[in-house]
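These notes are about the structure you will find just below.
2 protein chains.
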Amino acid sequence: MQVRQPTVFIDKAKVLANIERMCKKAQNNKVLLRPHFKTHQSATIGEWFRKAGVKAITVSSVEMAEYFAEHGWNDITIAFIVNVQQIEQINALANKITLNLLVDSFNTVEFLDKHLTANVNLWIKVDTGYHRTGINWDDEATLSHLIRRIKNCEKMHFEGLLTHNGLTYNAKSREEIKDLHEDSIIKLKDIQERLFLQGFSIVKLSIGDTPACSVVEDFKGINEIRPGNFVFYDVMQLKLGSCTEEQIAMAVACPVVGKYPERNELVIYGGAVHLSKEYVSGFFGNEINYGLIAFPKEKGWGKIEQNVYLAKLSQEHGIISAPKDFIEKIHVGDILFVLPIHSCLTGNLHQHYFTLDSKEITTIKRNKRNQV
Amino acid sequence: MQVRQPTVFIDKAKVLANIERMCKKAQNNKVLLRPHFKTHQSATIGEWFRKAGVKAITVSSVEMAEYFAEHGWNDITIAFIVNVQQIEQINALANKITLNLLVDSFNTVEFLDKHLTANVNLWIKVDTGYHRTGINWDDEATLSHLIRRIKNCEKMHFEGLLTHNGLTYNAKSREEIKDLHEDSIIKLKDIQERLFLQGFSIVKLSIGDTPACSVVEDFKGINEIRPGNFVFYDVMQLKLGSCTEEQIAMAVACPVVGKYPERNELVIYGGAVHLSKEYVSGFFGNEINYGLIAFPKEKGWGKIEQNVYLAKLSQEHGIISAPKDFIEKIHVGDILFVLPIHSCLTGNLHQHYFTLDSKEITTIKRNKRNQV
Chain A
1 MQVRQPTVFI DKAKVLANIE RMCKKAQNNK VLLRPHFKTH QSATIGEWFR
51 KAGVKAITVS SVEMAEYFAE HGWNDITIAF IVNVQQIEQI NALANKITLN
101 LLVDSFNTVE FLDKHLTANV NLWIKVDTGY HRTGINWDDE ATLSHLIRRI
151 KNCEKMHFEG LLTHNGLTYN AKSREEIKDL HEDSIIKLKD IQERLFLQGF
201 SIVKLSIGDT PACSVVEDFK GINEIRPGNF VFYDVMQLKL GSCTEEQIAM
251 AVACPVVGKY PERNELVIYG GAVHLSKEYV SGFFGNEINY GLIAFPKEKG
301 WGKIEQNVYL AKLSQEHGII SAPKDFIEKI HVGDILFVLP IHSCLTGNLH
351 QHYFTLDSKE ITTIKRNKRN QV
Chain B
1 MQVRQPTVFI DKAKVLANIE RMCKKAQNNK VLLRPHFKTH QSATIGEWFR
51 KAGVKAITVS SVEMAEYFAE HGWNDITIAF IVNVQQIEQI NALANKITLN
101 LLVDSFNTVE FLDKHLTANV NLWIKVDTGY HRTGINWDDE ATLSHLIRRI
151 KNCEKMHFEG LLTHNGLTYN AKSREEIKDL HEDSIIKLKD IQERLFLQGF
201 SIVKLSIGDT PACSVVEDFK GINEIRPGNF VFYDVMQLKL GSCTEEQIAM
251 AVACPVVGKY PERNELVIYG GAVHLSKEYV SGFFGNEINY GLIAFPKEKG
301 WGKIEQNVYL AKLSQEHGII SAPKDFIEKI HVGDILFVLP IHSCLTGNLH
351 QHYFTLDSKE ITTIKRNKRN QV
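Listed in order, the protein sequences are those of chains A and B. Residue numbers 1 to 372, in my numbering, belong to the letters of the first sequence in order. Residue numbers 1 to 372, in my numbering, belong to the letters of the second sequence in order.
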C-alpha cells in the first residue's frame with residue numbers, strides 16, 4: 001500500500017473478533033444484540049455483522065436508516081428521539097421495513113398519531129441519570145400515561161423502555177462502569193415492576209453503551225443491547241478499560257511532513273478534518289491527547305508508542321509530542337498510524353476506509369442532499 | 001424554506017460585505033489579498049471572491065488545489081508544507097497552473113529538486129513564535145543556506161518568507177492581537193533586512209491569520225495577506241474581537257427534538273457530526289460553549305440570545321442550556337440557528353450550504369477517492 005494522505009485503515013480480523021465476542025455475550029445472556037451502526041456507517045461492515053448472525057440494527061439518524069434499508073436491513077431502530085420535521089421520510093421507511101422509533105413526549109406521540117401512514121414500533125426513551133433526553137425513570141405517572149396514549153394509537157406498537165447510560169463514559173475504572181450500569185439497571189427494573197403492577201405486562205428493556213456492554217457479563221432481565229463503538233473501539237475506550245490495545249481496529253495512516261527536534265515535535269498531515277477534535281486528558285501524564293501513535297508493520301500497525309501523542313490539532317496539521325529517541329527515528333515522508341480518540345467521529349469524517357490488504361470499505365454516501 | 005435536518009445557511013450579503021472590507025483594506029495597503037479558501041471550500045463562494053477582483057488564492061491541501069484549479073483558479077498557494085507523498089499530484093498541478101509551495105527543510109527541497117517535472121514558486125515557512133511548522137525566524141544561517149539551495153534548483157523560484165501567526169487565536173483583547181501581530185512583523189522585517197545584507201534583495205513577506213488581518217489596519221512592508229475565516233467569521237472570532245455579531249455569515253439551522261424545563265435544557269438534532277467539537281469557554285460565564293443560538297427571522301437569523309448556548313454535544317445531539325423564559329418559548333419541532341464556534345470545521349462537515357433564499361452552494365466534492 002502507498003499512503004499519500006490521511007487514510008483510515010480497518011483491521012478486519014480485529015473487527016470480526018470484536019463482533020464475535022459481543023455476539024457470544026448476547027447469546028449467553030439470551031438478549032438481542034442490536035448493534036449501533038453509527039460507528040462505522042458502512043454497508044460493507046454491515047455485511048460482516050450479518051455473517052455473524054445479526055439481523056436487527058440501531059442507527060442514529062433517518063438518513064442512516066435509509067442507507068441501511070437500501071442495503072437490505074429490514075429491522076432498524078432509530079435511537080434518536082423522533083424529529084417531527086422528518087415525518088415524510090419516516091413514513092416512507094415505515095412502509096418498507098420494521099421501523100422502531102423513540103419518543104419522550106406527548107407532543108411527539110400526538111404528532112405521530114396524526115401523521116403516521118404506516119405501522120411503527122415505539123420505545124419510550126428513559127433517563128436513568130445521563131440527562132441528555134428521556135423521561136425520568138422515576139416518573140411513573142408520566143410513563144404510564146404515555147404508554148396508555150401509545151397503546152391507543154392504531155399505528156404504534158409499544159415496545160418498552162430504552163436508555164443510553166452515557167455516564168459510563170466518565171467512569172474512572174472498570175468497577176465504576178459496572179456500578180454505574182448496575183445503578184441504571186436497578187432503576188429500569190424498578191420502574192418495569194411498577195408498570196407491571198399497573199397492568200403493563202410486557203415492557204421490554206433496551207440498553208446501549210459500549211463501556212457497560214464490554215465490561216459487564218450479566219444482562220439478566222434485559223431484552224436487548226445496542227452497543228456500537230465496540231466494533232472498532234478507540235483510545236477513549238482503552239482509557240476507560242472497555243477494551244485492550246489489541247482490540248482497537250481503526251487507525252488513520254498519516255504522512256510525516258515536518259520534524260522539529262529542538263522542541264521534541266513532529267508534524268503530520270492529519271488534522272481536525274481527518275481525526276475530529278475529540279480528546280482525552282491524562283493518558284501518559286497531564287497531557288491533552290488527540291490520538292496515540294503506532295508504527296506501521298507489514299500488515300497494519302504495531303504497539304502504541306509510549307509517551308508519544310498528538311498534542312495539538314489544527315484543520316489539517318497534527319502536532320506529535322514525543323521523546324527525543326522517537327523523534328530521531330522518524331523522517332519526513334514516513335507514515336505513522338494515529339489511533340483515534342473516538343472512532344465514531346473519526347470514521348464519520350471519511351468517505352471510505354481500507355482493509356489492511358487495501359480493499360475499499362464503502363460508507364454511507366455523503367453526497368445525499370439536504371432539501372430546504 | 002423547510003429545514004428537516006441540520007442545514008448550513010450562508011448570509012450572502014454578509015459574506016460579500018466581509019469580502020469587500022478585506023479587499024479594500026488590502027488595496028489601501030497595496031498588499032495582495034490571497035484569501036484562504038479552506039474556510040468555505042466552495043466553488044460558488046470562490047466566484048463571489050472573483051467578482052470582487054480576487055485572482056490568487058490559498059488552500060491547505062493538494063485536493064483543495066485540484067478542486068479550485070478545476071474551477072478556473074490558476075494561481076494557488078498550498079499553505080501547508082510539502083507532503084512528499086503527493087509529488088505526482090503536485091507535478092500534475094504545477095503543469096497546469098502557477099503553483100506556490102511551502103517548505104521548511106532541506107530534505108524536502110532536495111526531494112523536490114529530484115522529482116519536480118514543472119516549475120513552482122517556493123516560500124519558506126518561518127516560525128515567529130507559533131511553533132507549528134517553520135524555520136525559526138532568527139535562524140539566519142539556515143534560512144540563507146536554504147534560499148541559496150532553492151536558487152540553485154532549476155524548477156524552483158524563490159518567493160520569500162511566509163508565516164502563520166496562530167498565537168493571535170489565544171489573544172485576550174484586540175490590543176493583544178495587535179501586539180502579537182506587531183511582534184511577528186518586527187521579526188519578519190528583521191530577518192528580511194539581514195538576508196538583504198547577505199545579498200538576497202527580493203524576499204517577499206506573506207502573513208495569514210484572520211484575527212490580525214481583521215484588527216490591524218497598517219500592513220506596510222508586507223507583500224501579501226492570506227486570511228480565510230473572515231469570509232464567514234464565527235463565535236471564536238467574535239470572542240477575540242475580530243468581528244461583530246452582525247458579520248457572522250454562517251449558521252446551522254437545527255430542529256428542536258426535546259424540551260426539559262426541569263433542567264433548563266433543550267435538545268436539538270445537531271451534534272458533533274454537524275458542528276464539530278470545537279468550543280470556547282467563558283463566553284457568558286464559566287461555561288463550555290459549542291455554539292451560540294439565534295431565532296430564525298424571515299430571512300436568516302436574529303440576534304444572539306443571551307445566556308443561551310450549546311453546553312454539550314454528542315454525535316447527533318446538541319444540548320442547549322438556557323434561562324427558563326427562553327425554554328418556555330420553544331416547542332419541539334421549532335428550528336433554531338446555531339452560530340458555529342469555528343466555521344472552517346463546521347463547513348467542512350457539510351456537502352453543501354444554502355443561501356437565505358434556499359439556493360444551493362456547492363462545496364468540494366467529498367467523493368474524491370483516496371488511493372492506497
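The C-beta atom is built at its ideal place from N, Cα and C for all residues, glycine as well.
Residues that DSSP places opposite residue i in a beta bridge
| i | result |
| --- | --- |
| VAL373(A) | Shown here, chain A extends from 1 to 372; a query on residue 373(A) therefore has no answer. |
| PHE196(A) | Paired residues: none, contrary to the question. |
| THR312(A) | First, the amino acid is wrong: residue 312(A) is Lys here, not Thr. Answer is ILE319(A), bridged to LYS312(A). |
| PRO340(B) | GLY291(B) |
| HIS36(B) | THR58(B) |
| MET156(B) | VAL120(B) |
| PHE9(B) | ALA251(B) and PHE354(B) |
| LEU345(B) | Its beta-bridge partners do not exist; DSSP assigns none. |
| VAL280(B) | ASN289(B) |
Residue environment, residue i, which counts as buried when at least 16 other CB atoms sit within 10 Å
| i | result |
| --- | --- |
| ASN74(A) | exposed |
| ASP104(B) | buried |
| GLY270(A) | buried |
| SER184(A) | buried |
| GLN237(B) | buried |
| ASP209(B) | buried |
| SER173(A) | exposed |
| PHE196(A) | exposed |
| ASN367(A) | Because the pLDDT of ASN367(A) is 44, which lies under 50, any placement of that residue in the model is unreliable, and the question is left without a value. |
| THR168(A) | buried |
| ASN165(B) | buried |
| ARG369(A) | Unreliable placement is indicated for ARG369(A), whose pLDDT of 48 sits below 50; no coordinate value is reported for it. |
| GLN86(A) | buried |
| LYS297(A) | exposed |
| HIS181(B) | buried |
| TYR260(A) | buried |
| ARG34(B) | buried |
Collapsed DSSP secondary structure at residue i in the structure displayed
| i | result |
| --- | --- |
| GLY258(A) | strand |
| ASP190(A) | helix |
| PRO211(A) | helix |
| MET1(B) | coil |
| TRP48(A) | helix |
| LEU180(B) | helix |
| PHE295(B) | strand |
| TYR67(A) | helix |
| ILE222(A) | coil |
| ASN307(A) | strand |
| VAL423(A) | Any question about residue 423(A) goes unanswered here, given that chain A covers just 1 to 372. |
| GLY129(B) | coil |
| LYS14(A) | helix |
| ASN136(B) | strand |
| ASP75(A) | strand |
| TYR169(A) | helix |
| THR362(B) | strand |
| LYS368(B) | Annotation note: pLDDT 46 at LYS368(B) (below 50); position unreliable, coordinate value reported separately. Residue state, collapsed to three classes: coil. |
| ILE335(A) | strand |
Close Cβ partners of residue i (< 7 angstroms) along its chain, the five nearest in sequence each way excluded
| i | result |
| --- | --- |
| PRO340(A) | ASP234, VAL235, MET250, VAL252, LEU275, GLY291 and THR346 |
| GLY53(A) | CYS23 |
| VAL216(B) | LYS178 and HIS181 |
Contacts around residue i, its chain only, beta-carbon distance under 8 angstroms, and the 5 residues preceding and following it disregarded
| i | result |
| --- | --- |
| GLY46(B) | PHE37, HIS40, ILE57, PHE68, HIS71 and TRP73 |
| SER60(B) | HIS36, LYS38, ILE78, ALA79 and PHE80 |
Proximal residues to residue i (C-beta, below 6 angstroms), its chain only, five neighbours per side dropped
| i | result |
| --- | --- |
| ALA272(A) | LEU313 and GLN315 |
| ILE288(B) | TYR279 and SER281 |
| CYS243(B) | TYR233 and GLN237 |
Closer than 6 angstroms: residue i CB and nearest the ligand FMN heavy atom
| i | result |
| --- | --- |
| ASP357(B) | Looking at this structure, you won't find the ligand FMN or any other ligand, since it has none at all. |
Worksheet item: Which of the residues in the region 312-331 of chain B, read from start to end, lie with their CB under 9 angstroms from any CB of chain A?
Response: LYS312, SER314, GLN315, GLU316, HIS317, ILE319 and HIS331
Worksheet entry | Contact residues within the region 63-82 of chain A, judged by C-beta distance below 8 angstroms to chain B | GLU63, PHE80, ILE81 and VAL82
Fill in: Interface positions of the region 293-314 of chain A facing chain B (Cβ-Cβ less than 8 angstroms), listed along the chain
LYS312 and SER314
Practice prompt. Could you please tell me which residues of the region 8-41 of chain A, in chain order, have their CB closer than 7 angstroms to any CB of chain B?
Written response: LYS38
Worksheet item: Which of the residues in the region 93-111 of chain B, read from start to end, lie with their CB under 9 angstroms from any CB of chain A?
Response: ASP104, SER105, ASN107, THR108 and PHE111
Item to complete: Anything in the region 125-136 of chain A with a Cβ closer than 7 angstroms to a Cβ of chain B? List those residues in chain order, please.
Response: HIS131, ARG132 and THR133
Fill in: Proximal residues, the region 266-287 of chain B versus chain A, C-beta separation under 9 angstroms
VAL267, TYR269, GLY271, ALA272, VAL273, SER276, LYS277, GLU278 and TYR279
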